[in-house]
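Student: Pasting in a structure now, in structure tokens, and then I'll have a few things to ask.
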């Protein structure tokens, strides 16, 4: 309540609304009455998983049904709904995470955030990791999975507004293990471009050999990949490619020139 009262003068000064994040089991009709009274326009729920076993193993303290109920109440009020999920949680598998994404899609969120699990010191997860009972995702597997999840959400016109933890805030110093990278989202975007290129080349049965790929100038680094990784992978399977920026190529797409 104190935070809402503090923010209230900013709304009167012209700010459009308040966004907040909370637990799914913290939302009910009475809480939403208060949030609407103070001009809250967007609520994000830390769903993390839609598998009750995974939620229990990680001590989340809520169920998938509570995520569904809270999401329904938020949408019922006309408040923008955001959902957050984590990949690679203790007890989860890549298919579990893909299933979670599909169930979140069914809830019709406006936005989604995806966070690969990082082991931080002083946590129960750190104890499990130290005893060898938990093995975090590798960076490669986390990037591959999250790139797929981004495709799925965006195919349903759900905006992915964050992938991976923000740098800073003690993350680097307190991290023990896990798929951390300061530009994790960029790695995922680059992987999506590699997938698009491979799908296009294989679908069109393009002969292997030298070729030029055109992308929008803002997508150049994503298509090339970090340390030219995407071009190296294409070259390994016979597509000796170079990339040029073309302003007439729509963003997010690739054209063979």
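Numbering (my numbering), first residue to last: 3 to 259. Note that the Cβ used here is the ideal one computed from N, Cα and C, for glycine as well. Here the structure is a predicted model, which means the values were calculated and not measured.
1. Are the Cβ atoms of residue 167 and residue 107 separated by less than 9 angstroms?
2. Inspect the CB distances between the stretch 172-187 and the stretch 214-224 and report whether three or more fall short of 8 angstroms.
3. Considering just the uninterrupted stretch of the alpha helix (DSSP H) at residue 46, what are its terminal residues?
4. Give the DSSP-derived three-state secondary structure of residue 244 in the structure shown.
5. Buried or exposed: residue 194, going by 16 or more other Cβ atoms within 10 Å of its Cβ?
6. Less than 9 angstroms between the C-beta atoms of residue 85 and residue 111, yes or no?
7. If you run the structure through DSSP and keep just helix, strand and coil, what is residue 95?
8. Given a threshold of 16 other Cβ atoms within 10 Å of its Cβ, counted over all protein chains shown, does residue 11 qualify as buried or as exposed?
9. Tell me which residues share the same chain as residue 243 and place their Cβ nearer than 6 angstroms to its Cβ, disregarding the 5 neighbours each side in the sequence.
10. For residue 56, count neighbouring Cβ atoms within 10 angstroms of its own Cβ and tell me buried if that reaches 16, exposed if not.
11. Apply the 10 Å Cβ neighbour rule to residue 139 and answer buried if 16 or more other Cβ atoms are within range, or exposed otherwise.
12. Taking the DSSP output, what are the residues bridged to residue 113?
13. What is the C-beta distance between residue 59 and residue 73, in whole angstroms, given that I count them as a contact (C-beta under 8 angstroms)?
14. Provide the residue span of the alpha helix (DSSP H) that contains residue 233, from first to last.
15. Is it buried or exposed, residue 87, if we count other Cβ atoms within 10 angstroms and call 16 or more buried?
16. Spatial neighbours of residue 54 within its chain, please: C-beta separation below 6 angstroms, excluding the five flanking residues on both sides.
17. Which runs of the alpha helix (DSSP H) spanning at least 4 residues fall entirely within the stretch 163-214, listed in chain order?
18. So, helix, strand or coil for residue 134, using DSSP?
19. Buried or exposed: residue 209, going by 16 or more other Cβ atoms within 10 Å of its Cβ?
20. With a 10 Å radius around its C-beta and 16 neighbouring C-beta atoms as the bar for buried, classify residue 256 as buried or exposed.
21. Determine which residues share a DSSP beta bridge with residue 24 and list them.
22. Classify residue 257 as helix, strand or coil using the three-state DSSP reduction.
23. Please work out which residues of its chain come closer than 7 angstroms, Cβ to Cβ, to residue 200, disregarding the five sequence neighbours upstream and downstream, and give them in chain order.
24. Taking Cβ positions, are residue 221 and residue 258 nearer each other than 9 angstroms?
25. Taking the DSSP output, what are the residues bridged to residue 118?
26. Mind checking whether residue 71 and residue 20 have CB atoms under 9 angstroms apart?
27. When burial is assigned at 16 or more other CB atoms within 10 Å of the CB, is residue 81 buried or exposed?
Tutor: By the coordinates alone:
1. Taking the chain shown and counting its residues from 1, the one referred to as residue 167 is at position 165. Taking the chain shown and counting its residues from 1, the one referred to as residue 107 is at position 105. No, the Cβ-Cβ distance between residue 167 and residue 107 is not below 9 angstroms.
2. no
3. To locate residue 46, count along the chain shown from 1; it is residue 44. No alpha helix (DSSP H) holds residue 46; the beta strand (DSSP E) holding it covers 42-50.
4. Counting from one through the chain shown, the residue named residue 244 turns up at place 242. It is a strand residue.
5. Position 192 of the chain shown, counted from the first residue, corresponds to residue 194. Residue 194 comes out buried.
6. For this step, residue 85 is matched to residue 83 along the chain shown. For this step, residue 111 is matched to residue 109 along the chain shown. Yes; because the gap between Cβ atoms is below 9 angstroms, this pair is in contact.
7. The residue labelled residue 95 in the question sits at position 93 within the chain shown. The answer is coil: DSSP assigns residue 95 none of H, G, I, E or B.
8. On the chain shown, residue 11 is found 9 positions in, with the first residue counted as 1. Label assigned to residue 11: exposed.
9. Residue numbering aside, residue 243 sits at position 241 when the chain shown is read from its first letter. Answer for residue 243: 213, 215, 233, 236, listed in chain order.
10. Position 54 of the chain shown holds residue 56. It counts as buried.
11. On the chain shown, residue 139 is found 137 positions in, with the first residue counted as 1. Burial call: buried.
12. Start at 1 with the first residue of the chain shown, and residue 113 comes out as number 111. According to DSSP, which records beta bridges pairwise, residue 113 is partnered with 84, 161.
13. Counting from 1 along the chain shown, the entry for residue 59 is found at position 57. Counting from 1 along the chain shown, the entry for residue 73 is found at position 71. Beta-carbon to beta-carbon, residue 59 and residue 73 are separated by about 22 angstroms, too far to satisfy the 8 angstroms threshold.
14. The residue given as residue 233 occupies position 231 in the chain shown. Its alpha helix (DSSP H) spans residues 231-238.
15. Start at 1 with the first residue of the chain shown, and residue 87 comes out as number 85. Buried, by the Cβ-count rule.
16. For the purposes of this step, residue 54 is taken as residue 52 along the chain shown, with counting starting at 1. Taken in chain order, the residues that qualify are 65, 66.
17. The qualifying runs are 173-176, 186-205.
18. Here residue 134 is taken as the residue at index 132 of the chain shown, counted from 1. The answer is coil: DSSP assigns residue 134 none of H, G, I, E or B.
19. By one-based count along the chain shown, residue 209 stands at place 207. Exposed, by the Cβ-count rule.
20. For the purposes of this step, residue 256 is identified with residue 254 of the chain shown, where counting begins at 1. Buried, by the Cβ-count rule.
21. Taking the first residue of the chain shown as position 1, residue 24 is located at position 22. DSSP output for residue 24 lists 47 as bridge partner(s).
22. Mapped onto the chain shown, residue 257 falls at position 255. Reduced to three states, the DSSP call for residue 257 is strand.
23. The residue given as residue 200 occupies position 198 in the chain shown. Result list for residue 200: empty, nothing under 7 angstroms.
24. Locating residue 221 in the chain shown gives position 219, counting from the first residue. Locating residue 258 in the chain shown gives position 256, counting from the first residue. Going by C-beta atoms, residue 221 is not nearer than 9 angstroms to residue 258.
25. Sequence index remark: in the chain shown, residue 118 carries index 116 (1-based). BP columns for residue 118 point to 89.
26. Taking the chain shown and counting its residues from 1, the one referred to as residue 71 is at position 69. Taking the chain shown and counting its residues from 1, the one referred to as residue 20 is at position 18. Not a contact, by the Cβ cut-off of 9 angstroms.
27. One-based indexing of the chain shown puts residue 81 at position 79. When all chains shown are included, residue 81 counts as buried.
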